[in-house]
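Colleague:
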Amino acid sequence: MELILNYIGIIGSFALAISGALTAMHKRFDPFGVLIIAFVTAVGGGTVRDIMLTGKTVFWLEQTSYIYFIIAGTFFAVIFRNKLGYIQKPLLFFDAIGLGLYTIAGVQIGISFELSPIICIILGTITGSFGGVIRDIFVNEVPVIFKKEIYATVSIVGGAIYLTLYKLGVSNPLLQIVPILFIIITRLLVIKYKISLPSIYAKE
Amino acid sequence: MELILNYIGIIGSFALAISGALTAMHKRFDPFGVLIIAFVTAVGGGTVRDIMLTGKTVFWLEQTSYIYFIIAGTFFAVIFRNKLGYIQKPLLFFDAIGLGLYTIAGVQIGISFELSPIICIILGTITGSFGGVIRDIFVNEVPVIFKKEIYATVSIVGGAIYLTLYKLGVSNPLLQIVPILFIIITRLLVIKYKISLPSIYAKE
Amino acid sequence: MELILNYIGIIGSFALAISGALTAMHKRFDPFGVLIIAFVTAVGGGTVRDIMLTGKTVFWLEQTSYIYFIIAGTFFAVIFRNKLGYIQKPLLFFDAIGLGLYTIAGVQIGISFELSPIICIILGTITGSFGGVIRDIFVNEVPVIFKKEIYATVSIVGGAIYLTLYKLGVSNPLLQIVPILFIIITRLLVIKYKISLPSIYAKE
Numbered sequence: 628m629e630l631i632l633n634y635i636g637i638i639g640s641f642a643l644a645i646s647g648a649l650t651a652m653h654k655r656f657d658p659f660g661v662l663i664i665a666f667v668t669a670v671g672g673g674t675v676r677d678i679m680l681t682g683k684t685v686f687w688l689e690q691t692s693y694i695y696f697i698i699a700g701t702f703f704a705v706i707f708r709n710k711l712g713y714i715q716k717p718l719l720f721f722d723a724i725g726l727g728l729y730t731i732a733g734v735q736i737g738i739s740f741e742l743s744p745i746i747c748i749i750l751g752t753i754t755g756s757f758g759g760v761i762r763d764i765f766v767n768e769v770p771v772i773f774k775k776e777i778y779a780t781v782s783i784v785g786g787a788i789y790l791t792l793y794k795l796g797v798s799n800p801l802l803q804i805v806p807i808l809f810i811i812i813t814r815l816l817v818i819k820y821k822i823s824l825p826s827i828y829a830k831e
Numbered sequence: 628m629e630l631i632l633n634y635i636g637i638i639g640s641f642a643l644a645i646s647g648a649l650t651a652m653h654k655r656f657d658p659f660g661v662l663i664i665a666f667v668t669a670v671g672g673g674t675v676r677d678i679m680l681t682g683k684t685v686f687w688l689e690q691t692s693y694i695y696f697i698i699a700g701t702f703f704a705v706i707f708r709n710k711l712g713y714i715q716k717p718l719l720f721f722d723a724i725g726l727g728l729y730t731i732a733g734v735q736i737g738i739s740f741e742l743s744p745i746i747c748i749i750l751g752t753i754t755g756s757f758g759g760v761i762r763d764i765f766v767n768e769v770p771v772i773f774k775k776e777i778y779a780t781v782s783i784v785g786g787a788i789y790l791t792l793y794k795l796g797v798s799n800p801l802l803q804i805v806p807i808l809f810i811i812i813t814r815l816l817v818i819k820y821k822i823s824l825p826s827i828y829a830k831e
Numbered sequence: 628m629e630l631i632l633n634y635i636g637i638i639g640s641f642a643l644a645i646s647g648a649l650t651a652m653h654k655r656f657d658p659f660g661v662l663i664i665a666f667v668t669a670v671g672g673g674t675v676r677d678i679m680l681t682g683k684t685v686f687w688l689e690q691t692s693y694i695y696f697i698i699a700g701t702f703f704a705v706i707f708r709n710k711l712g713y714i715q716k717p718l719l720f721f722d723a724i725g726l727g728l729y730t731i732a733g734v735q736i737g738i739s740f741e742l743s744p745i746i747c748i749i750l751g752t753i754t755g756s757f758g759g760v761i762r763d764i765f766v767n768e769v770p771v772i773f774k775k776e777i778y779a780t781v782s783i784v785g786g787a788i789y790l791t792l793y794k795l796g797v798s799n800p801l802l803q804i805v806p807i808l809f810i811i812i813t814r815l816l817v818i819k820y821k822i823s824l825p826s827i828y829a830k831e
């Protein structure tokens, strides 16, 4: 279990580092600025989660492997940034992968701390999306999570799916794969078809 | 005491959730964006306080009732947003209530951790105002707390009043009611009459 | 050792409080807004470091002396703000001193927690530069650390110098003075001669 969490986390950090580095290069930050944005995007959500849990060590302080995967993701983004330009919205693609992997990692940690279901889902959403929120704040933009396309909603529903499967006694790898794929695929469909939540401002 | 703190905290979270939801709707965020801004506004200050205190569990992780009051406050703001438009500056009104209640909750927790008076006052100000600071950062605005109208000052003075009454041996409910009302009423007067601190830029 | 850390920290907080207060006055914040920006600039980096380290008390909660030095730094900046205007970029000067002192304080705390070298360097960079990052976010600007002039890089190299000297068995005061002076002098040279990292956007 701990091993699977690490595996998820490291792939998630690689994907989110790419998402962060692409955002920073779009803003033409200097090389170390790009690395720092990649770093906060990749570890920001999990760090906020860990500092809120009493007695939980911040995950990357004692698992140096994260740092190397973040540096690798940053190099990947810098080297292939022109190639990545050909893919439609590569930033949102890597962001979706990170959202899926990290949301489930967050929910799992909430369960291991025996927190109530609603708090587990909130922890999942924080883990999955707050790295991107910090990224957007650092580059002085309104966080993409609050914009029209459905974002936090997907993370919340994905977390609820995980919890439901968990209570039904579904075991790994299905327990993890279903909600992770749900989040990634839904996010990509939402982006492709520009699906929005029903506006609450319609009549104004 | 613990009970009174909870009572204060829950009303404060309801008021600050309304303040956050109104800000987010003003920016035309999607429904879940509105809920998230309501959430960080309501719990942001107390969360920053709790993660700074070694051994203190972040209050809302184990008291799920907060979540429901925040959701209720968000629904209240969404449903009555047109009605609330008739009240002058409803955002600032609910913000003032939250500032009063949360400042005193923060000072009380500082006292229970046996911190020095000046640190207790700072914890009160952080608890009372950092939710609003995070709200404003999330919507990409300069935090209202730094603008001309007296804000942090009221929280600091209110915290000092609580500490003075506490040292004088005044007991509840007077101990809490006096500084809470002081903060709320002073903030409302400050807004109504546009009172500012003396400018330090006068001669420039 | 603990004593030297305190000494470094207090001078650093004085310098960073001046840097924060100058930024806030440039934005024409009210007096308490200036004090709060000075406060978060001075303690922000060390606070982020301390809340990430399990079992570490946030340094200023139990060392009230920091608060007084921050208030003193704020008064210094307010009183001499016209005089400071004659010095070229006084903000960046005090910022450089804070960066040097705090980076080394952060690396030292990482060593005392027996963290790996790369994590010690990251902790140093966070301690040295995140106060400024929070300052810039609070005044709604893109953090100066990400702009063209070399900033985080200097902190990272300075931290690496400290670790190298430490492993070589160099003792205090040389162990501390060399990397601190390296950071301060390099930052000032970088500012004076507008040295930048090689751009990664050259061909675009």
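Protein chains in written order, with our numbering: chain A, 628 to 831; chain B, 628 to 831; chain C, 628 to 831.
Virtual Cβ for every residue (Gly too), placed ideally from N, Cα, C.
Model, not experiment: these values are computed from the prediction.
For A/F656, would you say it is in contact with chain C, using Cβ-to-Cβ distances shorter than 8 Å as the test?
Modeller: It does; some Cβ of chain C falls within 8 Å.
Colleague: Report the option in C/I746, C/G725, C/I724 and C/A723 whose CA atom is closest to the CA atom of C/V734.
Modeller: Checked all of C/I746, C/G725, C/I724 and C/A723; the closest Cα to C/V734 is C/I746.
Colleague: Using 8 Å as the limit for Cβ to Cβ distance, is A/M652 near chain B?
Modeller: Output row for A/M652: interface = no.
Colleague: Just the chain A side, please: which residues come within less than 8 Å of B/I764 by C-beta, in chain order?
Modeller: What B/I764 touches in chain A: I764.
Colleague: Are the region 695 to 713 of chain B and the region 770 to 789 of chain B touching, with three or more C-beta to C-beta distances below 8 Å?
Modeller: No, the region 695 to 713 of chain B does not touch the region 770 to 789 of chain B.
Colleague: Whole alpha helix (DSSP H) runs in the region 658 to 739 of chain A with 4 or more residues, listed along the chain?
Modeller: List check, alpha helix (DSSP H) in window: 658 to 679, 692 to 706, 708 to 713 and 717 to 739.
Colleague: Using CA coordinates, which residue listed in C/I724, C/K683, C/S743 and C/A723 is at the minimum distance from A/Q690?
Modeller: Ranking the options by Cα distance to A/Q690, first place goes to C/S743.
Colleague: In terms of residue numbering, what span does the alpha helix (DSSP H) encompassing A/Q762 cover?
Modeller: The amino acid occupying residue 762 of chain A in the given sequence is Arg; Gln does not appear at that position. Segment P744 to F765, the alpha helix (DSSP H) holding A/R762.
Colleague: For B/Y634, which option in B/Y729, B/I749 and B/I822 has the closest C-alpha, if you only look at C-alpha atoms?
Modeller: With distances taken between Cα atoms, B/Y634 lies closest to B/Y729.
Colleague: Have a look at A/A642, A/A651 and A/I637 and flag the residue whose alpha-carbon is nearest the alpha-carbon of C/Y828.
Modeller: Comparing Cα positions, the closest option is A/A651.
Colleague: For chain C, is any of its Cβ atoms less than 8 Å away from the one on A/V705?
Modeller: So, interface residue.
Colleague: Quick one: what does DSSP say C/V769 is sitting in, helix, strand or coil?
Modeller: Three-state result, C/V769: coil.
Colleague: Run down chain C in chain order and give the residues with a C-beta less than 9 Å from the C-beta of B/F773.
Modeller: Chain C residues near B/F773: A651, K654, F656, D657, F659, G660, V661, I663, I664, F765 and V766.
Colleague: By Cβ distance below 6 Å, which residues in the same chain neighbour C/L750 in space, the five residues on each side in sequence not counted?
Modeller: The answer, listed in chain order, is R676, G733 and G737.
Colleague: For C/G700 and C/Y778, what's the separation of their Cα atoms in angstroms?
Modeller: The alpha-carbon atoms of C/G700 and C/Y778 are separated by roughly 23 Å.
Colleague: Check whether the Cβ atoms of C/R636 and C/F686 sit closer than 8 Å, and answer yes or no.
Modeller: It should be noted that the sequence gives Gly, not Arg, for residue 636 of chain C. Their beta carbons are under 8 Å apart, which means C/G636 touches C/F686 by this criterion.
Colleague: Contact check, C/V760 vs C/I772 under 8 Å by CB: the rounded distance?
Modeller: So it is a contact: roughly 6 Å between Cβ atoms.
Colleague: Would you say the region 662 to 670 of chain B touches the region 643 to 650 of chain B, given that touching needs at least three Cβ pairs under 8 Å?
Modeller: Touching, yes.
Colleague: Would you list, in chain order, the members of the region 675 to 686 of chain C that have their beta-carbon closer than 7 Å to a beta-carbon of chain B?
Modeller: So the close ones are I678, G682, T684 and V685.
Colleague: Can you give me, in chain order, the residues of the region 721 to 736 of chain A that have a beta carbon less than 8 Å from any beta carbon in chain B?
Modeller: Under the 8 Å Cβ criterion, the region 721 to 736 of chain A contributes no residue.
Colleague: So is C/I694 in contact with chain B if we call contact Cβ pairs under 8 Å?
Modeller: Answer yes: the Cβ-Cβ gap between C/I694 and chain B drops below 8 Å somewhere.
Colleague: How would you list, in chain order, the residues of chain B whose beta-carbon sits under 7 Å from the beta-carbon of C/T691?
Modeller: Under the 7 Å cutoff, chain B gives S743, I745 and I746.
Colleague: Roughly how many whole angstroms lie between the Cα atoms of A/F656 and C/R814?
Modeller: The straight-line gap from Cα to Cα measures roughly 18 Å.
Colleague: Got a sec: which bits of the region 778 to 807 of chain C sit with their beta carbon under 7 Å from any beta carbon on chain F, in order along the chain?
Modeller: The displayed structure is made up of protein chains A, B and C, and chain F is not among them.
Colleague: So what's A/V797 in DSSP terms, helix, strand or just coil?
Modeller: Three-state DSSP puts A/V797 in coil, outside helix and strand.
Colleague: Just to confirm, is the Cβ distance from B/G665 to B/I724 under 8 Å?
Modeller: The amino acid occupying residue 665 of chain B in the given sequence is Ala; Gly does not appear at that position. Not closer than 8 Å, so no.
Colleague: Measuring only the C-alpha atoms, how far is A/K654 from A/D763?
Modeller: Straight-line Cα distance between these residues: approximately 11 Å.
Colleague: Check whether the Cβ atoms of C/L719 and C/I818 sit closer than 8 Å, and answer yes or no.
Modeller: Yes, Cβ-Cβ distance for C/L719 and C/I818 is below 8 Å.
Colleague: Got a sec? Which residues, its chain only, sit under 7 Å from B/K683 by beta carbon, not counting five neighbours each side?
Modeller: Cβ within range, chain order: D677.
Colleague: Nearest by alpha-carbon distance to C/T752: which of A/G639, A/F659, A/S640 and A/I638 is it?
Modeller: The shortest Cα separation from C/T752 among A/G639, A/F659, A/S640 and A/I638 belongs to A/F659.
Colleague: Using a Cβ-Cβ cut-off of 8 Å, state whether C/V667 counts as contacting chain A.
Modeller: Output row for C/V667: interface = no.
Colleague: Using a Cβ-Cβ cut-off of 8 Å, state whether B/Y820 counts as contacting chain C.
Modeller: By this cut-off, B/Y820 is not an interface position.
Colleague: Quick check on the burial criterion: 16 or more other C-beta atoms within 10 angstroms. Buried or exposed for A/V661?
Modeller: Buried: at least 16 other Cβ atoms inside 10 Å.
Colleague: Please confirm if C/L688 has its CB atom under 8 Å from at least one CB of chain B.
Modeller: Judged by the 8 Å Cβ criterion, C/L688 is in contact with chain B.
Colleague: Determine the closest residue to B/Y693 out of B/I731, B/T674 and B/K710, with distance taken between C-alpha atoms.
Modeller: Here the closest residue by C-alpha is B/T674.
Colleague: Among A/I811, A/P825, A/L801 and A/P800, which has the Cα closest to the Cα of A/I783?
Modeller: The shortest C-alpha separation from A/I783 is found at A/I811.
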